[in-house]
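Engineer: For the sequence shown, my numbering begins at 22 and goes up steadily by one.
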Amino acid sequence: MEYMGLGKTGEKIPVIGMGTWKLAGGKECIEALRRGTELGGNFIDTAEMYGTESTVALALKDGADAFVATKVSPNHLRHDEVIKACDRSLKALGIKTIDLYQIHWPNPSIPIRETISAMETLVAAGKIRHIGVSNFSREELAEAQSAAKRNEIVSNQIEYSVFERNPEKSLFAYCRKEKISIIAYSPLGQGLLYSQRSSGALEALAEIGRNHGKSAGQVALNWLIGKGNVLAIPKSGSRAHVEENMGSAGWRLSESEVAAVDRISQY
Ligand SMILES: NC(=O)c1ccc[n+]([C@@H]2O[C@H](COP(=O)([O-])OP(=O)(O)OC[C@H]3O[C@@H](n4cnc5c(N)ncnc54)[C@H](OP(=O)(O)O)[C@@H]3O)[C@@H](O)[C@H]2O)c1
22 MEYMGLGKTG EKIPVIGMGT WKLAGGKECI EALRRGTELG GNFIDTAEMY GTESTVALAL
82 KDGADAFVAT KVSPNHLRHD EVIKACDRSL KALGIKTIDL YQIHWPNPSI PIRETISAME
142 TLVAAGKIRH IGVSNFSREE LAEAQSAAKR NEIVSNQIEY SVFERNPEKS LFAYCRKEKI
202 SIIAYSPLGQ GLLYSQRSSG ALEALAEIGR NHGKSAGQVA LNWLIGKGNV LAIPKSGSRA
262 HVEENMGSAG WRLSESEVAA VDRISQY
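(1) Out of Lys-148, Gly-212, Ile-133 and Ala-145, state which residue places its alpha-carbon closest to the alpha-carbon of Ser-155.
(2) Tell me, which residues are paired with Leu-252 by DSSP?
(3) Rounded to a whole number of angstroms, what is the C-alpha to C-alpha distance between Trp-42 and Ser-275?
(4) Please tell me whether, using a cut-off of 6 angstroms, the distance from the CB of Asn-63 to the nearest non-hydrogen atom of ligand 1 is below it.
(5) Rounded to a whole number of angstroms, what is the C-alpha to C-alpha distance between His-100 and Gly-258?
(6) Just confirm the distance between the C-beta atoms of Pro-255 and Met-39, as a whole number of angstroms; I'd bet it's less than 8 angstroms.
(7) Return the chain-ordered ranges of every alpha helix (DSSP H) run that is complete within the segment 123-168 and spans a minimum of 4 residues.
(8) Tell me the rounded alpha-carbon separation between Asn-96 and Leu-79.
(9) Using DSSP's beta-bridge definition, name the partner residues of Met-39.
(10) Along the chain, where does the alpha helix (DSSP H) that runs through Ser-220 open and close?
(11) Out of Asp-283, Glu-164 and Glu-199, which has the shortest C-alpha to C-alpha gap to Asn-128?
(12) In three-state DSSP terms, what is Gly-26?
(13) Looking only at DSSP bridge pairs, what is Gln-178 linked to?
(14) If you draw a straight line from the alpha carbon of Ala-280 to that of Leu-245, how long is it in whole angstroms?
(15) Would you kindly work out how many angstroms separate the C-alpha atoms of Lys-5 and Lys-248, rounded to a whole number?
(16) Where does the unbroken alpha helix (DSSP H) through Ala-80 begin, and where does it stop?
(17) Leaving out five residues on either side along the sequence, give the residues of the same chain with a beta carbon under 7 angstroms from the beta carbon of His-233.
(18) I'd like the span of the beta strand (DSSP E) that includes Val-279, first residue to last.
(19) Looking at the structure shown, is Leu-60 part of a helix, part of a strand, or coil, going by DSSP?
(20) If you draw a straight line from the alpha carbon of Arg-231 to that of Gly-72, how long is it in whole angstroms?
(21) Where does Ala-194 fall in DSSP's three states?
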């Protein structure tokens, strides 16, 4: 596994973690999460909205040693609602401190100052360690940053994959300058990569992968993390898929291969 710094904190997190949206639960999923952490991908992302915090709790009990990231829903962004949502998540996760607490989506009808103030109260109380956001534009991110008085916004979780390259337009440069980590969600296009509709892209990625003994999916993930300051969180309930995903780190595509993926991803 390769590691990157989380925001300005100096704390190391892996470049490949694991998502849990639509994770079915059950023995195989728990085993897959534990296996991922054994392979160094010890970053697990969940959300109160996903209903998978209790599955993550079981994986932690099963021996998964992970940095736990969860999210507060956009309908819980009033000060007291944030505090209550965090308490519910701590209980569901069976832990005393959430490593990264993220605002799942911005809510324009609630002042960001109010939400950030609640998050800072949670840091002071030791209930969360770091504050992150998700689906924030560059402008929303800047607003959140100025609302934070005692803490930094360490990350922005956004959709980023060979199918979705919008963040490259301006968010990337801003996050790099501000030392805010990018957490790439749906890095396999929610499985679109493996569908019949993407067979052209899949074959082209597989062709590049043959130079490295890697699969098409591993090329797609390596291309993402190779952009720098990016942690990808593919979701899988299968041990074999998790093992494959973890093999996306620890090697690099050549410059010409990166350029070839850049071209594929405009399909
Ligand atoms: N912040 C947000 O608003 C937001 C939104 C969406 C997602 N997310 C986060 O990002 C995580 C990942 O995104 P995602 O779940 O949308 O989609 P994804 O990770 O891009 O794709 C997941 C799909 O790919 C399949 N897959 C994974 N690895 C595979 C492999 N090696 N070979 C073949 N198929 C594979 C999975 O099936 P199997 O389970 O069968 O392997 C699943 O169907 C989520 O779980 C969630 O934690 C956040």
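The beta carbon of each residue, even a glycine, is placed where N, CA and C say it ideally should be.
Structural biologist: According to the structure data:
(1) Stepping through the sequence shown from its first residue, residue 155 is reached at position 134. Selected option, being the one with the closest Cα: Ile-133.
(2) Your numbering for residue 252 matches position 231 in the sequence shown. Looking at the DSSP assignment, Leu-252 forms a beta bridge with Ile-204.
(3) Counting from one through the sequence shown, the residue named residue 42 turns up at place 21. Counting from one through the sequence shown, the residue named residue 275 turns up at place 254. Each residue's alpha carbon lies about 32 angstroms from the other.
(4) Here the question's residue 63 lines up with position 42 in the sequence shown. Asn-63: no, Cβ never under 6 angstroms from ligand 1.
(5) Here the question's residue 100 lines up with position 79 in the sequence shown. Here the question's residue 258 lines up with position 237 in the sequence shown. When rounded, the distance between both Cα atoms is 34 angstroms.
(6) As a position in the sequence shown, residue 255 is number 234, starting the count at 1. As a position in the sequence shown, residue 39 is number 18, starting the count at 1. Contact holds; Cβ gap of about 7 angstroms.
(7) 133-145 and 159-168
(8) The residue labelled residue 96 in the question sits at position 75 within the sequence shown. The residue labelled residue 79 in the question sits at position 58 within the sequence shown. In a straight line, the C-alpha of Asn-96 is about 27 angstroms away from that of Leu-79.
(9) Taking the sequence shown and counting its residues from 1, the one referred to as residue 39 is at position 18. The partner list for Met-39 (beta bridge, DSSP) reads Ile-65.
(10) Within the sequence shown, residue 220 is the residue found at index 199, counting from 1. Where Ser-220 is concerned, the enclosing alpha helix (DSSP H) stretches over 220-231.
(11) Here residue 128 corresponds to residue number 107 of the sequence shown, with the count starting at 1. Among Asp-283, Glu-164 and Glu-199, the Cα nearest to that of Asn-128 belongs to Glu-164.
(12) Numbered from 1 along the sequence shown, position 5 holds the residue referred to as residue 26. Gly-26: strand per DSSP, three-state reduction.
(13) By 1-based counting over the sequence shown, the position of residue 178 is 157. The partner list for Gln-178 (beta bridge, DSSP) reads Ser-155 and Ile-204.
(14) The residue labelled residue 280 in the question sits at position 259 within the sequence shown. The residue labelled residue 245 in the question sits at position 224 within the sequence shown. Using only the alpha carbons, I get a separation of about 12 angstroms.
(15) Outside the modelled stretch of the chain, which goes from 22 to 288, sits residue 5, for which no answer is possible.
(16) For the purposes of this step, residue 80 is identified with residue 59 of the sequence shown, where counting begins at 1. Start and end: 74-82.
(17) Along the sequence shown, read from residue 1 onward, the residue named residue 233 stands at position 212. Excluding positions up to five away in sequence, the list reads Trp-272.
(18) As a first step, residue 279 must be located in the sequence shown, where it is residue number 258. No beta strand (DSSP E) contains Val-279, which is instead part of the alpha helix (DSSP H) from 276-285.
(19) Position 39 of the sequence shown holds residue 60. Three-state DSSP puts Leu-60 in coil, outside helix and strand.
(20) Position 210 of the sequence shown, counting from 1, holds the residue named residue 231. Position 51 of the sequence shown, counting from 1, holds the residue named residue 72. Their backbone Cα atoms lie some 38 angstroms apart in a straight line.
(21) In the sequence shown, counting from the first residue as 1, residue 194 sits at position 173. Looking at Ala-194 - three-state DSSP - the assignment turns out to be helix.
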